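Position 340 of the sequence shown, counted from 1, bears residue number 340 in full-length UniProt numbering, the numbering being contiguous throughout. Every residue gets a Cβ at the ideal spot worked out from N, C-alpha and C, and that includes glycine. Predicted model only: the values in this text are computed from it and were never measured. Remarks on the structure that follows.
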Amino acid sequence: MPAWSWDFDGKFSREQTTLSMEFDAKDLSEKSIEKLSIRPLAHLSESTKERLKNRGTWFWKCRTKHIVSYDDLPNGQQHSSDERYMVDTTMYRELHKADPSKTTLTKRPDANYLGPEAMKRDHPPDEDFFYLAPLTVKAYNLKRKKWVDLRLDGLREVSWNTQAFESLVLKGKTKRLIQALISNQIEAEKSTDLISGKGNGLILLLHGGPGTGKTLTAESVAEIARRPLYPVTCGDIGTTPEDVENYLESVLYLGKTWGCVVLLDEADVFLEQRSLEDLHRNALVSVFLRVLEYYDGILILTSNRVGTFDEAFKSRIQLAVHYSSLTTHQRTKIWGNFIQRLKELNEDGIDFVDLEDNIEQLASKEMNGREIRNAITTARQYARWERQQDEGFKLNYKVMKEVIETAGEFDEYINTLNGGLTQEQLAKEDGIR
Numbered sequence: 001m002p003a004w005s006w007d008f009d010g011k012f013s014r015e016q017t018t019l020s021m022e023f024d025a026k027d028l029s030e031k032s033i034e035k036l037s038i039r040p041l042a043h044l045s046e047s048t049k050e051r052l053k054n055r056g057t058w059f060w061k062c063r064t065k066h067i068v069s070y071d072d073l074p075n076g077q078q079h080s081s082d083e084r085y086m087v088d089t090t091m092y093r094e095l096h097k098a099d100p101s102k103t104t105l106t107k108r109p110d111a112n113y114l115g116p117e118a119m120k121r122d123h124p125p126d127e128d129f130f131y132l133a134p135l136t137v138k139a140y141n142l143k144r145k146k147w148v149d150l151r152l153d154g155l156r157e158v159s160w161n162t163q164a165f166e167s168l169v170l171k172g173k174t175k176r177l178i179q180a181l182i183s184n185q186i187e188a189e190k191s192t193d194l195i196s197g198k199g200n201g202l203i204l205l206l207h208g209g210p211g212t213g214k215t216l217t218a219e220s221v222a223e224i225a226r227r228p229l230y231p232v233t234c235g236d237i238g239t240t241p242e243d244v245e246n247y248l249e250s251v252l253y254l255g256k257t258w259g260c261v262v263l264l265d266e267a268d269v270f271l272e273q274r275s276l277e278d279l280h281r282n283a284l285v286s287v288f289l290r291v292l293e294y295y296d297g298i299l300i301l302t303s304n305r306v307g308t309f310d311e312a313f314k315s316r317i318q319l320a321v322h323y324s325s326l327t328t329h330q331r332t333k334i335w336g337n338f339i340q341r342l343k344e345l346n347e348d349g350i351d352f353v354d355l356e357d358n359i360e361q362l363a364s365k366e367m368n369g370r371e372i373r374n375a376i377t378t379a380r381q382y383a384r385w386e387r388q389q390d391e392g393f394k395l396n397y398k399v400m401k402e403v404i405e406t407a408g409e410f411d412e413y414i415n416t417l418n419g420g421l422t423q424e425q426l427a428k429e430d431g432i433r
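What follows is the structure, encoded as structure tokens:
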């Protein structure tokens, strides 16, 4: 039987199709209409109608770009709970031009009749629209940087974790300054630069040793700004000036179009001082400077080699925040934050009272934030394994201490090789940070 459903490629159009059912010609018994693969809407259950209507609601929302989360897991696909997706069909079509010779869909003469005025409405043209949506929509995975098909049934509004910024181990005045800059940028005040389109962006530099909270700060800034985070590493960008320029321009174009907070993690290779000896590096740095000059969104750079910084970047950066090695007080707060998260997970087999009673002893060990997280992850995995042999096994302070000491043996060995100096001390001696 002929049928149609809605399709969307930047404009709504009716897609023709043919539906068919198979019957056993020898079986003349009466069939329940509810068991047919194709049946009228009136014979659907209320729960199915509600699911279809929810699908149609999301389809209408996705006529414009929309940041979403996703919790549907069809066919065993795994989607990380912290992954965000940008639904933007117009951008997808722009980046993936259709080949007219391969187009097989036929459209009704009245295709695309939902014009600009209809698209501006809060609601679709009629009730039937909700029940005629497709199964999937194209969306861009911001973490994995690729387009995927998402089932409309699995789309969810993003739940922004604004508490993450409050949990950052930073000075209060630094937090307030970052919040003020982000808020002002969102207001998009007109640039005071005389050249139109130049210097309108907000560029932050977060510099310090590994595991001090730079990347976490960038992630938290995106949460309080209620904007998608677009993370980029130097490995994504390329090594030739042409590749670097093309990739950065494409990333910053998407970042601006989607209102992203763009994070360029460990950007040291593009920030290093230019010299007469290395013309290739000079070209990379010059390209990077030029691209930054005209970006008018929010860009966060992280570096752990600020001592090799090219002076020309100073005027491009609105705020630079230094992350020093963690103090005992800061480590205490980080341990407390992680223990609180474990409580929220409601995981069995953890002696929270014992861990909290000994939090000062845990914080006395010189560790960065990443090492603390790794120690907790390792301890949880170890405790789960032990509970397979002994159901009463608890992750307590003693277990955590043993994990920290075992993992710390490698650091102690490296320090011995470096004449007793820590990585932070070596970096300072070498003028790196």
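- The DSSP-derived three-state label of Gly-172 is helix.
- The beta carbon of Leu-150 sits closer than 7 Å to those of Tyr-70, Tyr-85, Thr-136, Val-137 and Ala-139, all from its chain and outside the five residues before and after it, given in chain order.
- With fewer than 16 other beta carbons inside 10 angstroms of its own, Trp-385 counts as exposed.
- When C-alpha distances from Glu-356 are compared across Arg-380, Val-269, Leu-229 and Asn-396, the shortest belongs to Asn-396.
- CA-CA distance, Lys-365 to Gly-209, rounds to 17 Å.
- The beta carbon of Lys-343 sits closer than 8 Å to those of Phe-352, all from its chain and outside the five residues before and after it, given in chain order.
- Between the C-alpha atoms of Lys-49 and Thr-57 there is a straight-line separation of about 12 Å.
- Take the alpha-carbon of Gly-238 and the one of Phe-288: they are about 12 Å apart.
- Judged by DSSP in its simplified three-state form, Ser-45 adopts coil rather than helix or strand.
- Scanning Leu-52, Lys-145, Phe-129 and Glu-22 for the CA closest to the CA of Glu-83 turns up Lys-145.
- Taking each of Lys-401, Ala-312, Met-367 and Leu-292 in turn and checking the Cα distance to Ser-325, the smallest one comes out for Met-367.
- Of the residues Phe-270, Glu-405 and His-329, the one whose Cα lies closest to the Cα of Glu-360 is His-329.
- In terms of Cβ geometry, Ile-317 and Phe-338 do not form a close pair [threshold 9 Å].
- Counting only runs of at least 4 residues, the segment 322-356 fully encloses the following alpha helix (DSSP H) elements, listed from N- to C-terminal order: 328-345.
- The residue among Leu-248, Glu-219 and Ser-303 with its C-alpha nearest the C-alpha of Pro-228 is Glu-219.
- Checking the DSSP bridge columns, you'll see Glu-157 partnered with Val-68.
- In this structure Glu-272 is in contact with Asp-310, their Cβ atoms being roughly 6 Å apart against a cut-off of 8 Å.
- Leaving aside the five residues that flank Ala-3 on each side, the residues in its chain whose CB is nearer than 6 Å to its CB run, in chain order, Thr-17 and Leu-19.
- Of the candidates Ser-286, His-207, Lys-35 and Phe-130, Phe-130 places its Cα closest to the Cα of Lys-53.
- The three-state secondary structure of Thr-406, taken from DSSP, is helix.
- A direct Cα-Cα distance of roughly 16 Å separates Lys-171 from Gly-369.
- Taking Thr-212 as the centre and dropping the five residues before and after it, the same chain places the C-beta of Tyr-323, Ser-324, Ser-325, Leu-326, Asn-368 and Gly-369 closer than 8 Å to its C-beta, in chain order.
- Within the DSSP secondary-structure output, Trp-6 pairs in a beta bridge with Arg-14.
- Segment contact: the segment 173-184 against the segment 120-128, fewer than three CB-CB distances shorter than 8 Å; contact not assigned.
- Taking all protein chains in view, the Cβ of Pro-40 is surrounded by fewer than 16 other Cβ atoms within 10 Å, so the residue is classified as exposed.
- Residue nearest to Thr-90 within the set Gly-10, Ala-267 and Asn-246 is Gly-10 (criterion: CA-CA distance).
- For Ile-300, the closest of Val-262, Arg-281 and Arg-380 by C-alpha to C-alpha distance is Val-262.
- Under the DSSP assignment, Ser-286 falls in the alpha helix (DSSP H) whose first and last residues are 279-293.
- When DSSP states are grouped into helix, strand and coil, Ile-38 belongs to the coil group.
- Following the DSSP letters along the chain, one finds Val-244 inside the alpha helix (DSSP H) bounded by residues 241-258.
- For Lys-143, there is no enclosing beta strand (DSSP E), as DSSP gives it neither H nor E.
- Judged by DSSP in its simplified three-state form, Ile-414 adopts helix.
- For Thr-217, the enclosing alpha helix (DSSP H) stretches over residues 214-225.
- For Thr-90, the uninterrupted alpha helix (DSSP H) segment begins and ends at 89-95.
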